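Report on the structure given below.
Residue numbers (my numbering), protein chains in the order written: chain A, 85 to 550; chain Z, 85 to 550.
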């Protein structure tokens with residue numbers, strides 16, 4: 085390794101309190117991208133990122149979009165001669181914090197607490213997903229610039245503000261600014277480690293299609309005694325349609341849903357087995373005893389290599405205290421399909437909409453809104469940058485990095501790959517027990533500190549092998 | 085008729101403005117019985133009733149219950165010699181007004197407006213159900229007392245405060261105060277006319293069973309990417325269970341649901357036909373073109389003589405703006421079954437609960453709460469008091485009263501009949517287009533004014549034939 089790395093790591097260790105203070109600053113900004121009420125907070129979070137990157141020594145600014153702005157930062161003028169050129173990606177927006185009453189402390193007032201098994205953790209919405217995560221590479225960049233004055237590779241930073249609502253503005257942004265952010269490789273910090281002591285490199289992620297279905301029956305809410313019987317009840321139609329989306333084997337019944345999906349190769353199945361994934365522990369951690377997913381596949385295969393159709397929300401009629409004998413005029417549901425390689429989001433949307441409309445009774449109005457659609461991806465693990473990252477992570481964590489898949493979706497990856505032909509490397513320091521998207525989201529301090537050290541090492545490794 | 089009636093009717097006609105002012109007073113009190121937040125408002129409405137009855141000349145007071153108080157009023161000391169003794173029943177509580185945003189004016193700020201076909205109407209929550217309705221007999225009593233000084237029959241008034249939430253305190257009240265309110269006959273004003281120009285006497289009503297089902301899957305909300313597949317989704321389980329409650333013929337599939345129900349007799353079917361019910365108009369008024377109910381029965385049969393299982397509310401997961409990729413920990417639904425004679429509420433509750441629990445997956449927690457259960461009833465129409473009411477109504481409205489059934493439930497009727505062996509006569513002046521339980525509930529002024537006149541006549545008729 086270069087002579088610089090030890091000093092950089094030392095700088096990171098000695099600036100932990102300042103780093104934590106910076107993380108708390110950005111966690112206090114409620115940048116909930118899916119809710120228009122928080123537009124200004126998203127802007128504020130973006131500006132915090134710009135100022136922080138400038139402080140580090142980057143040429144940073146906002147790029148306006150139809151939605152929340154993108155943050156783009158370069159380490160000085162673009163220098164084609166200087167190889168390699170790497171893009172670091174993260175997102176500054178967060179999920180809504182509700183249900184609020186289940187938080188032990190306010191979601192946007194970060195605090196430290198000790199959790200059995202995890203030691204000290206940061207508690208806040210976005211603590212891991214993804215403010216804690218992108219802060220790891222911001223701290224690594226800061227240390228390199230402070231200690232060495234310059235970075236061993238050329239780096240551009242992209243921080244998005246709409247990852248949690250399906251990245252609606254990303255396609256237009258890539259069309260307009262693709263040239264500016266196009267690099268040899270994208271490093272993305274939005275994924276998990278294998279476990280709290282074992283790092284991971286994520287090589288595949290599921291895609292996603294998100295939709296909302298609104299059914300309308302009577303032209304107004306009705307008295308269930310006065311109209312019950314003849315009157316169409318949209319909740320009845322909704323549960324009938326939703327329940328027909330899965331068969332008794334847990335398979336999705338939408339025609340063509342599984343076309344073009346290849347079965348896990350026996351090699352890959354062996355790799356998965358070799359990870360000794362404890363699915364019983366995985367399930368019992370969330371209070372369950374058996375997998376509710378597609379029959380014939382292990383929990384890990386269901387998570388990484390099989391598509392789903394999930395109901396994320398359902399609403400209709402009276403939901404207050406006590407009872408109300410009403411037949412509601414409307415009922416609606418939010419659903420998302422997780423996709424795997426081979427599935428075309430547009431085709432899935434089209435057949436899902438056909439499936440739902442064809443099952444609605446004649447008097448039932450159907451509104452079908454699509455709010456996100458992104459392909460799945462899977463990268464080859466036999467590449468020099470995977471090897472570089474694996475080496476750096478092993479040196480930091482003292483054990484080999486697991487080559488993982490992921491059940492979630494990071495829209496940017498498929499887009500960078502398909503639109504700009506960029507290779508992506510997903511290294512993150514999240515953990516499955518971090519309650520992201522749930523009340524009391526946390527980020528282990530070890531993830532935060534060793535994550536920053538890991539990025540310092542990865543940058544160093546990339547400098548020498550690419 | 086006695087010499088008094090014309091003067092009484094004249095007094096009613098000349099006191100319309102004062103009567104409307106009194107109605108507006110009580111409509112301004114948000115006595116929502118199902119929501120504990122409105123306990124004080126319910127008390128206030130009860131006290132308004134007591135003061136009004138005292139003003140009329142009744143000996144009125146509250147009877148405390150475990151829930152909202154009952155209002156009981158006597159016309160002077162109980163006089164066994166004086167026949168007949170009639171109980172007038174109404175309720176002062178109302179349904180929740182939500183969804184609030186659909187009201188054209190605040191639900192508890194009553195106002196008049198003109199509606200095509202209905203003329204002037206009172207717009208407010210409770211305008212018809214049931215503050216407008218019980219005000220018709222309060223005004224009739226007031227006029228009789230004012231003009232004559234005494235009533236031609238002995239009358240006791242009972243105003244309940246929990247009718248809209250299933251009358252939970254009624255059984256205990258009847259046990260404790262049954263003797264005090266026990267009469268020869270109960271007159272109940274909580275039903276509809278046949279149409280705005282034709283009065284009606286209701287001889288049968290459906291019973292009701294109300295329940296709430298809460299399903300619990302994971303021990304916390306989960307990220308649908310991180311856990312989607314293996315994790316049990318309680319919305320999925322809920323829609324699966326609810327959708328299995330009906331078959332493709334619209335019949336309820338709960339075992340034993342239709343046992344002990346007798347088919348409509350050909351006589352009764354003929355009576356219904358003779359009413360020339362316009363089911364196309366009934367449906368198009370609520371924006372529908374065809375009956376969604378049980379196959380093989382007319383809309384009127386479905387409403388009056390067949391049971392239902394309705395979903396009144398469903399909720400789970402994210403319901404805010406935009407999307408949230410969550411697998412919720414809980415999902416729940418509120419449902420009510422309308423019962424017909426022959427169905428035992430306790431048996432229906434038991435088999436409904438068995439049905440639901442038996443279909444929940446192993447890891448799915450099931451909470452089943454029953455919030456109301458009341459039998460259906462059907463009275464014989466060959467009785468002197470039905471004849472008396474029919475005569476009085478025909479004299480007021482100039483056309484014969486329709487002998488009707490009703491799809492709704494008035495718990496008091498079954499209770500008075502079973503617990504105190506009382507016969508009941510249901511005469512109301514509501515209309516199917518009054519949007520009770522919905523936004524913009526209204527009561528026709530003709531219903532209010534001619535309703536009061538009708539009660540004055542019914543009291544007069546009962547005095548002479550009983």
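Glycine included, every Cβ here is placed at the ideal spot set by N, Cα and C.
Keep in mind it's a predicted model, so treat the numbers as computed, not measured.
Q. Based on the DSSP secondary-structure assignment, which residues constitute the bridge partners of residue 284 of chain A?
A. The secondary-structure analysis by DSSP pairs residue 284 of chain A across a beta bridge with A:486.
Q: Taking only heavy atoms of the ligand ZN into account, decide whether any of them is closer than 7 Å to the Cβ of residue 386 of chain Z.
A: This structure lacks the ligand ZN; in fact it carries no ligand of any kind.
Q. Can at least three beta-carbon pairs, one atom from the region 147-159 of chain Z and one from the region 236-254 of chain Z, be found at a separation below 8 Å?
A. In short, these stretches touch, since the Cβ pair count reaches three.
Q.
Using the Cβ count rule (16 or more neighbours within 10 Å means buried), how would you classify residue 315 of chain A?
A. Per the 10 Å Cβ criterion, buried.
Q) Taking the alpha-carbon positions, what's the residue 96 of chain A to residue 262 of chain A distance? A) Spanning the two alpha carbons is a distance of roughly 32 Å.
Q | Option in A:267, A:151, A:175, A:142 with minimal Cα separation from residue 111 of chain A | A | Nearest C-alpha to residue 111 of chain A: A:175.
Q. To which residues of the same chain is residue 415 of chain Z closer than 6 Å at the C-beta, ignoring the five residues directly before and after it?
A. Residues 299, 318, 319, 322, 400 of the same chain have their beta carbon placed closer than 6 Å to that of residue 415 of chain Z, with the five preceding and five following residues left out of the count.
Q | In chain order, each beta strand (DSSP E) run of at least 3 residues that lies wholly inside the region 351-414 of chain Z | A | Here the runs fully enclosed are 392-401.
(Q) So residue 519 of chain A contacts chain Z; which residues on that side make the cut at Cβ distance below 7 Å? (A) What residue 519 of chain A touches in chain Z, judged by beta-carbon distance under 7 Å, is 304, going in chain order.
Q: Check whether the Cβ of residue 375 of chain Z lies closer than 8 Å to any Cβ atom in chain A.
A: Chain A, which has a Cβ nearer than 8 Å to the Cβ of residue 375 of chain Z, makes this yes.
Q.
Less than 8 Å between the C-beta atoms of residue 152 of chain Z and residue 133 of chain Z, yes or no?
A. The beta carbons of residue 152 of chain Z and residue 133 of chain Z sit no closer together than 8 Å.
Q: For residue 221 of chain Z, I'd like the list of residues in its chain whose CB is within less than 6 Å of its CB, leaving aside the five on either flank, ordered along the chain.
A: 172, 273, 539, listed in sequence order.
Q.
Below 8 Å, how does it come out for the region 413-427 of chain Z and the region 251-265 of chain A: are there three or more Cβ pairs, yes or no?
A. Counting C-beta pairs closer than 8 Å gives fewer than three between the region 413-427 of chain Z and the region 251-265 of chain A, which falls short of the contact rule.
Q | Partners in chain A for residue 201 of chain Z, counting only beta-carbon separations shorter than 7 Å | A | Below the 7 Å Cβ cutoff, chain A contributes no neighbours of residue 201 of chain Z, its closest Cβ being approximately 16 Å away.
Q.
Does residue 240 of chain Z come out as helix, strand or coil in the three-state DSSP assignment?
A. Strand at residue 240 of chain Z.
(Q) On the CB-based measure, 16 or more other CB atoms within 10 Å of its CB, does residue 87 of chain Z come out buried or exposed? (A) Residue 87 of chain Z comes out exposed.
(Q) Can you pull out the residues from the region 393-405 of chain Z whose beta carbon lies closer than 7 Å to at least one beta carbon of chain A? (A) Answer set for the region 393-405 of chain Z: 394, 395, 396, 397, 398, 399, 400, 401, 402, 403, 404, 405.
Q) Counting only beta-carbon atoms, is residue 531 of chain Z nearer than 8 Å to chain A? A) No, residue 531 of chain Z does not count as interfacial toward chain A.
Q.
So with CB distances below 8 Å, who are the chain A contacts of residue 387 of chain Z?
A. Under the 8 Å cutoff, chain A gives 310, 311, 312, 313, 314.
Q. Is it the case that the Cβ atoms of residue 379 of chain Z and residue 396 of chain Z are separated by a distance below 8 Å?
A. Taking C-beta atoms as the reference points, residue 379 of chain Z and residue 396 of chain Z fail to come closer than 8 Å.
Q) On the premise that residue 460 of chain A lies in contact with residue 340 of chain A, defined as a C-beta separation below 8 Å, what is that separation, rounded to the nearest angstrom? A) Not really, about 16 Å apart at Cβ, beyond 8 Å.
Q) Got a sec? Which residues, its chain only, sit under 7 Å from residue 93 of chain Z by beta carbon, not counting five neighbours each side? A) Only residues of its own chain outside the window of five on either side were considered, and among them 537, 540 have a CB closer than 7 Å to the CB of residue 93 of chain Z, listed in chain order.
Q | Whether residue 293 of chain Z touches residue 433 of chain Z by CB criterion (8 Å) | A | Contact: yes.
Q: Whole angstroms is fine: what's the gap from residue 467 of chain Z's alpha carbon to residue 513 of chain Z's?
A: Going from the Cα of residue 467 of chain Z to the Cα of residue 513 of chain Z covers about 21 Å.
Q. Does residue 151 of chain Z come within less than 8 Å of chain A when only Cβ atoms are used?
A. So, not an interface residue.
Q | Beta bridge counterpart(s) of residue 298 of chain A as assigned by DSSP | A | Answer is A:416, A:451, bridged to residue 298 of chain A.
**Q.** Range covered by the beta strand (DSSP E) that runs through residue 144 of chain Z
**A.** First-last of the beta strand (DSSP E) with residue 144 of chain Z: 143-147.
Q: Select from the region 232-261 of chain Z all residues with a C-beta closer than 9 Å to any C-beta belonging to chain A, and list them in chain order.
A: Listed in sequence order: 248, 249, 250.
Q | Interface residues of the region 263-292 of chain A facing chain Z [CB-CB below 7 Å] | A | Listed in sequence order: 290.
Q) If we cut at 8 Å on Cβ distances, does residue 147 of chain A have a partner in chain Z? A) Not closer than 8 Å to any Cβ of chain Z, the Cβ of residue 147 of chain A fails to qualify, so no.
Q: Could you tell me if residue 303 of chain A is buried or exposed, where buried requires 16 or more neighbouring beta carbons within 10 angstroms of its beta carbon?
A: Classification of residue 303 of chain A: exposed, given that the 10 Å Cβ count is below 16.
**Q.** Coil, strand or helix - residue 461 of chain Z by DSSP
**A.** If DSSP states are grouped into helix, strand and coil, residue 461 of chain Z belongs with the strands.
Q: Just grab the DSSP bridge partners of residue 292 of chain A for me.
A: For residue 292 of chain A, which the question treats as bridged, DSSP gives the partners A:422, A:458.
Q) Would you call the CB atoms of residue 463 of chain A and residue 508 of chain A closer than 8 Å? A) In contact: residue 463 of chain A and residue 508 of chain A (Cβ atoms closer than 8 Å).
**Q.** Distance CB(residue 528 of chain A)-CB(residue 205 of chain A) smaller than 8 Å
**A.** Against a cut-off of 8 Å, the Cβ pair of residue 205 of chain A and residue 528 of chain A comes out as a contact.
Q. If you compare alpha carbons, which of A:470, A:429, A:448 is closest to residue 454 of chain A?
A. For residue 454 of chain A, the nearest C-alpha among the options comes from A:429.
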